[in-house]
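Position 128, counted from 1, in the sequence shown is what full-length UniProt numbering calls 128; the numbers after and before it change by one each time, with no gaps.
What follows is a set of notes on a single structure, which appears directly below.
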Amino acid sequence: MENYIENLNWRYATKKFDPSKKLNEEIIAKLLKSLQLSASSYGLQPYEIFVVSDEKTKEKLKLAGWNQAQFTDASHIFIFVGLKHLDEAYIDSYVKNISNIRDIQVRDLGALKDKLIKNIVEEPKNEQKAWAQKQAYLALGNFLSAAANLKIDTCPMEGFDTEKIDKVLGITGTNLSTAVIASAGYRSKDDALQHAKKVRKEKEELFHLI
Ligand SMILES: Cc1cc2nc3c(=O)[nH]c(=O)nc-3n(C[C@H](O)[C@H](O)[C@H](O)COP(=O)(O)O)c2cc1C
Numbered sequence: 001m002e003n004y005i006e007n008l009n010w011r012y013a014t015k016k017f018d019p020s021k022k023l024n025e026e027i028i029a030k031l032l033k034s035l036q037l038s039a040s041s042y043g044l045q046p047y048e049i050f051v052v053s054d055e056k057t058k059e060k061l062k063l064a065g066w067n068q069a070q071f072t073d074a075s076h077i078f079i080f081v082g083l084k085h086l087d088e089a090y091i092d093s094y095v096k097n098i099s100n101i102r103d104i105q106v107r108d109l110g111a112l113k114d115k116l117i118k119n120i121v122e123e124p125k126n127e128q129k130a131w132a133q134k135q136a137y138l139a140l141g142n143f144l145s146a147a148a149n150l151k152i153d154t155c156p157m158e159g160f161d162t163e164k165i166d167k168v169l170g171i172t173g174t175n176l177s178t179a180v181i182a183s184a185g186y187r188s189k190d191d192a193l194q195h196a197k198k199v200r201k202e203k204e205e206l207f208h209l210i
């Protein structure tokens, strides 16, 4: 736990990455595993994640991302894309996955399916989209902590034009829409922010211990 807190203090939203340093396959595999293990509401994981290392695509992302240098200097760009809505087929496939993995008959999961249809599929579509994006943000939070524990630098990013990023990814007009982005790689020695003190609320302001 001490290490965990140390690593959270070590991490910061990196502005300048060292473009010559790339994440290796082993690190990428660990980051992907941490994303796969992220908790989500009902376990539905209503998002997908694009992982971009192609330099030309990163240039295009930068143009869609307020020209932020992290898009091209970081080794990899993780784009968290939320589902706009969930239909019955999506729920069926989720239930089937539980059935396969836990060796439970689909018919014994009928109550779960009904609950998910009522609580998710039948909700207004704009609420489904907002809910899916919240789940994507949770995966982002998980990702930032996992990366810090691997001593990988990241920058969470909301500074982008959603429509333009969607276009670069080729998901315009589909059931997917970009929620949030994280760049990942290794900090540049010149990034002054790595030496800045953390600015956070005082405990008294943040917590209510009842
Ligand atoms: C959802 C989210 C979006 C953010 N968007 C950007 C961004 O577009 N560009 C950027 O440089 N930093 C961005 N940040 C970084 C924050 O400014 C930073 O996390 C905050 O100031 C706290 O500092 P620290 O993370 O270095 O401790 C974002 C952070 C979060 C959590």
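We treat Cβ as the ideally placed atom computed from N, Cα and C, and that holds for glycine.
- Assigned with DSSP and collapsed to three states, V199 falls in coil, not helix or strand.
- For G170, no beta strand (DSSP E) encloses it, and the DSSP letter there is neither H nor E.
- Secondary-structure assignment with DSSP links I77 through a beta bridge to V52 and S183.
- Secondary structure note for D153: its beta strand (DSSP E) is the uninterrupted segment D153 to M157.
- With a beta-carbon spacing of about 17 Å, K60 and S177 fall beyond the 8 Å limit used to define contacts.
- Under the three-state reduction of DSSP, S20 is assigned to coil, being neither helix nor strand.
- In chain order, L23, I27, L31, A184, G185 and Y186 place their CB closer than 8 Å to the CB of I152, counting only its own chain and leaving out the 5 sequence neighbours on each side.
- Closest option to F50, judged by alpha-carbon separation, among D166, Y94 and V121: D166.
- Checking the 7 Å criterion, the Cβ of V180 is within range of a heavy atom belonging to ligand 1.
- With fewer than 16 other Cβ atoms inside 10 Å of its own Cβ, A39 counts as exposed.
- Looking at Q70, R107, F207 and L169, the one whose alpha-carbon comes closest to that of P19 is Q70.
- DSSP places I27 in the uninterrupted alpha helix (DSSP H) bounded by E25 to Q36.
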